[in-house]
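Peer 1: Take a look at this one; I'll ask things after.
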Amino acid sequence: MLEKVLPHATLKAKPNLETRIRTLKRDWTIIYDMLNRKDNSGFG
């Protein structure tokens, strides 16, 4: 995944960055779902 974004970067922290990107995507997906769900109990 990181090679597509930064093809010529030789980063040694690649696994850590990919884990962080996955975590951010998961967290933002949860927030997005909370704000846009119809059964959100008045939240958002």
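Numbering (the working numbering), first residue to last: 2 to 45.
Even glycine gets a Cβ: it sits at the ideal position worked out from N, Cα and C.
Keep in mind the model is a prediction, meaning the values are calculated, not measured.
Rank THR30, ILE31, VAL6 and TRP29 by C-alpha distance to the C-alpha of GLU19 and give the top, closest one.
Peer 2: Taking only the C-alpha atoms, the option nearest GLU19 is VAL6.
Peer 1: For PRO16, which of helix, strand or coil comes out of DSSP?
Peer 2: PRO16: helix per DSSP, three-state reduction.
Peer 1: Under three-state DSSP, which class holds ARG27?
Peer 2: Three-state result, ARG27: helix.
Peer 1: Just how far apart, CA to CA, sit ASN37 and ARG23?
Peer 2: Using only the alpha carbons, I get a separation of about 21 Å.
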